[in-house]
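Report on the following structure.
In full-length UniProt numbering, the protein residues as written are 1 to 73.
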């Protein structure tokens, strides 16, 4: 009985994780649809998202120098 209860609890936690992952996938899919496919008629999108201009931000990440990495270790 106790083992079964623990298993059920674990399953519940897994379900929550899948729900969160599913919601994230849906949000990403909607974003990609608007950027590349555009146009949801009931939102007034009509003919497609040609007017949407999305630019990737410039991200500059510099790794620490070899000397600093050596000192950290």
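Beta carbons are placed, not taken as given, at the ideal position from N, Cα and C, and that holds for glycine.
- In the displayed model, residue 21 falls within a helix according to three-state DSSP.
- Residue 56 carries a coil assignment under DSSP once its states are collapsed to helix, strand and coil.
- Look at residue 61 here: in three-state DSSP terms it is coil, with no helix or strand label.
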